[in-house]
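Peer 1: For what it's worth, my numbering labels the leading residue of the sequence shown as 894, then goes sequentially.
I'd like to ask you about the structure that follows.
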Amino acid sequence: MRFDVSAVIPSSVVYRRALIALAALGLWPVAHVTSARAAEQASSSPSSPAESVKASPVPNRTEEAILHKLMELQIQVTTLKAEVAQLRRSLGELGVGPAAANLPEKVTGLQIALNAKDPVLGNPEAPVAIVEFSDFQCPYCGRFEQDTFSEIKKVYIDTGKVQYISRHFPLPMHPRARDAAIAARCAAKQQAYWKMRDGLFSQQPRLGPELYEELSSSLQLDRSAFTGCLTDPSSAADVDADLAFGQSVGVRGTPSFFVGRVAKGQLVDAQNIRGAKHFPMFARAIELLLK
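Right under this line is the structure:
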């Protein structure tokens, strides 16, 4: 059975106001309200000039004001949508948040010099390396550590196929990230970098001097040497050097990774993977390089 709209919706003030209400809810374009109203006025206009003089309708200023306001609101909504889309694109470019997590891999063509001072996990002779830029206070870095890093370690690092290199990129909005990176660097001087790293990520909400001391004690570090290292300007300089280097190769947010082949002390044919990506994306990049 065919449904006849005209049989149930008469051309009346009620119809006009219903359309206005629908437009206010975004369910009916304002243009339809305006055209419907114009059509109604045309169909109900008198057929002769004399009748026109007698029955000239008085404009309903309230409805006109509502229509005008609706058109303004539509413009504002369109503007807001554009601003939100731009914000999401900006977050993606910074490499943070959910937007960043959906960005594709990018072949950078960069050659990244490997530093003998960088903490390396796995076989230092492995043909493929991952250079990580991370922030201990970054929630996405913590998510990567929990969800993806352990699988990369099991499949590629522990089997000698990949060496994993850690660098620091403390973001300005994370006030405890730089000190945490310094604590990790100081643990590295006593061959305990990776255990300290695990402890810092697993207890992100507690980042601070008390946690650093607690972890150094549990790792049986030389307390005096560790404490002195925390205040040594060279420790902070190492972290700042990581940050500056990351910026020079295009890192804008964390976590950010470069996956490439190792040749003559450099990372070549590198792909930049930005955000807390899952294991399959890293596996695809690594397998292509291992062929």
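Beta carbons: idealized from backbone N, C-alpha and C, even for Gly.
Look at Leu-1064 and Asp-1011 and say whether their C-beta atoms are less than 8 Å apart.
Peer 2: Not in contact: Leu-1064 and Asp-1011 (Cβ atoms no closer than 8 Å).
Peer 1: Closer than 6 Å by C-beta to Tyr-1105: which residues in its own chain qualify, once you throw out the five before and the five after it? Chain order, please.
Peer 2: Once the five neighbours on either side are set aside, the close Cβ partners of Tyr-1105 are Ala-1076.
Peer 1: Check the DSSP bridge columns for Arg-1186 and list the partner residues they point to.
Peer 2: With the chain covering 894 to 1184 only, the question about residue 1186 has no answer from this structure.
Peer 1: With DSSP as the reference, label Phe-1062 as helix, strand or coil.
Peer 2: Residue state, collapsed to three classes: coil.
Peer 1: What does the alpha-carbon distance come out to for the pair Ala-1034 and Arg-1090?
Peer 2: As written in the sequence, residue 1034 is Cys, which differs from the Ala given in the question. In a straight line, the C-alpha of Cys-1034 is about 11 Å away from that of Arg-1090.
Peer 1: Enumerate, from N- to C-terminal direction, the unbroken alpha helix (DSSP H) stretches of 4 or more residues contained entirely within the stretch 1032-1081.
Peer 2: Whole alpha helix (DSSP H) segments, 4+ residues: 1032-1037 and 1070-1081.
Peer 1: What do you get for Glu-1187, buried or exposed, if any count of 16 or more other CB atoms within 10 angstroms of its CB means buried?
Peer 2: Past the edges of the chain, shown from 894 to 1184, lies residue 1187, and the structure says nothing about it.
Peer 1: For the alpha helix (DSSP H) that contains Val-1132, what are its first and last residues?
Peer 2: First-last of the alpha helix (DSSP H) with Val-1132: 1126-1141.
Peer 1: Starting from Glu-1107, follow the beta strand (DSSP E) in both directions and report where the run begins and ends.
Peer 2: Run containing Glu-1107: none in the beta strand (DSSP E); it sits in the alpha helix (DSSP H), 1102-1111.
Peer 1: Using 8 Å for Cβ pairs, my map puts Pro-1148 next to Ala-1169. What's the rounded Cβ distance?
Peer 2: The pair is a contact, with the Cβ atoms about 6 Å apart (cut-off 8 Å).
Peer 1: Quick check: Ala-1022 and Ile-1058, are their CB atoms within less than 8 Å of each other?
Peer 2: Against a cut-off of 8 Å, the Cβ pair of Ile-1058 and Ala-1022 comes out as a contact.
Peer 1: Among Cys-1122, Ala-1019, Phe-1026 and Gln-1096, which residue has its Cα nearest to the Cα of Gly-1053?
Peer 2: Here the closest residue by C-alpha is Ala-1019.
Peer 1: Taking 8 Å as the cut-off, does the stretch 1093-1104 touch the stretch 1113-1120 (at least 3 CB pairs, one atom from each stretch)?
Peer 2: As far as the Cβ criterion goes, the stretch 1113-1120 does not touch the stretch 1093-1104, which means the pair count is below three.
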